[in-house]
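Numbering that gives the first Met the number 0 numbers the first residue of the sequence shown as 0 and each following residue consecutively.
C-beta: ideal position from N, C-alpha, C; glycine also.
Structure first, commentary second.
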Amino acid sequence: MSKLSGKVAIVTGGASGIGNTIVTRLINAGIKVAVADLNEQKLKELEEQHKGNLIGCVTNVTVEKDIEQLVQKTVDTFGGLDYAFNVAGASRSGLIIEQSEEDWDFTVDLILKGVFLSVKHQARYMKDHGGGAIVNVASLNAHVPMFYGAAYSSAKAGVEMLTKNAALELAQYNIRVNAILPGLVSTPLTKGLTDNKEVVNAYKERIPMRRPADPDEMAGPALFLVSDDASYVNGTGLVVDGAWEVSGYPDLSKFI
0 MSKLSGKVAI VTGGASGIGN TIVTRLINAG IKVAVADLNE QKLKELEEQH KGNLIGCVTN
60 VTVEKDIEQL VQKTVDTFGG LDYAFNVAGA SRSGLIIEQS EEDWDFTVDL ILKGVFLSVK
120 HQARYMKDHG GGAIVNVASL NAHVPMFYGA AYSSAKAGVE MLTKNAALEL AQYNIRVNAI
180 LPGLVSTPLT KGLTDNKEVV NAYKERIPMR RPADPDEMAG PALFLVSDDA SYVNGTGLVV
240 DGAWEVSGYP DLSKFI
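Quick look at the structure:
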């Protein structure tokens, strides 16, 4: 990680969860970071904590103008952009026959459109400035469906394919694009699951490592994918799930 020192990165969804642990790892590695999030108060706290090394940018990743401004502010402040981590995401769950169009659009736009717009403008800068590396956060649910998660799973599958397509198109500009696919991770967004003992036990039955991941266990693989050690890794989706994918997915329908 010491080889990353002096670089510049963007992290969307960096105010909490996986995104925030990536931010911490980047700062500790000597990287300047622009954090994009809607949590303005948390962004101010991060700026105060890491004065001179971090800027907070209130950003709606589904709004193209916001992403353009994010990239421009990063470049204006730190002089460039080398890496990007597109983590922002959330979902509104529901059975297919019951889910509203509004909830479907919210989930798919935030997860898939948000990554599309982010990659588009991050890569536009990198293309003209020697290249870079991008990591998108998809999910194990890109491969494995779950009850009440059709919108989320479909959008995350789209993120993985978008990652592959971006790698195909952008390799000629020395831009690598990869994804990580987390399993169950203990974050504020999964608190409703991880605080329910019965649900957690159902997950543990399917996860050979018998526990949810800590967010920092996602940050390590994410930083690896932008590092020189991954210089020939491009267009891949790295599953980080404690061997969950090989065991199957729990039936969550009995808990709702």
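Classification of residue i by the beta-carbon crowding that lies within 10 angstroms, buried from 16 upward
i      : result
TYR231 : exposed
SER138 : buried
MET208 : exposed
PHE77  : buried
PHE254 : exposed
LEU109 : buried
LEU94  : exposed
LYS6   : buried
ASN195 : exposed
GLY148 : buried
GLY191 : exposed
Simplified DSSP assignment, three categories, for residue i
i      : result
ASP75  : helix
ARG209 : coil
LEU161 : helix
ARG175 : strand
ILE96  : coil
ALA229 : helix
LEU80  : coil
PRO144 : coil
PRO181 : strand
VAL60  : coil
ALA22  : It is worth fixing the name first, because residue 22 is Val in this sequence and not Ala. Residue state, collapsed to three classes: helix.
LEU188 : helix
ALA86  : This sequence places Val at residue 86; Ala is not what is there. The answer is coil: DSSP assigns VAL86 none of H, G, I, E or B.
LYS50  : coil
THR11  : strand
ASN135 : strand
LYS253 : helix
LYS6   : coil
LEU111 : helix
GLY16  : helix
ASP36  : strand
ALA130 : Before going on, a small fix: residue 130 reads as Gly here, not Ala. Three-state DSSP puts GLY130 in coil, outside helix and strand.
VAL118 : helix
VAL199 : helix
VAL245 : coil
GLY236 : strand
GLY219 : helix
Beta carbon of residue i nearer than 8 Å to that of residue j
i      : j      : result
ILE17  : PRO181 : yes
LEU53  : VAL70  : no
ASN135 : ARG175 : no
VAL57  : TYR124 : no
VAL118 : ALA150 : no
ILE9   : ALA35  : yes
GLU244 : VAL143 : yes
VAL239 : PRO220 : yes
ILE179 : LEU116 : no
LEU188 : ALA89  : yes
LYS41  : ALA14  : yes
ILE30  : SER4   : yes
GLY55  : LYS64  : no
PHE146 : SER252 : yes
LEU167 : GLN121 : no
LYS112 : THR193 : no
Residues near residue i by beta carbon distance below 6 Å, same chain, minus five either side
i      : result
ALA132 : TYR82, ARG175, VAL225
ALA218 : THR20, ILE21, ARG24
ASN85  : THR11, VAL114, SER117, ASN135
THR235 : ASN177
LYS126 : TYR172
Cβ-based neighbour list, residue i, same chain, cut-off 7 Å, excluding 5 preceding and 5 following
i      : result
GLY129 : ASN173
GLU197 : PHE254
ASN140 : GLY148, TYR151, SER152, LYS155
Own chain, CB closer than 8 Å to residue i, minus 5 neighbours either side, in chain order
i      : result
LEU237 : ASN177, ALA178, ILE179, LEU180, PRO220, LEU224
THR186 : SER15, GLY16, ILE17, PRO214
Please confirm if the region 146-156 is in contact with the region 211-225, defined as three or more CB-CB distances below 8 Å between the two stretches.
no
Would the region 157-166 count as touching the region 197-207 if we require 3 or more Cβ pairs under 8 Å?
no
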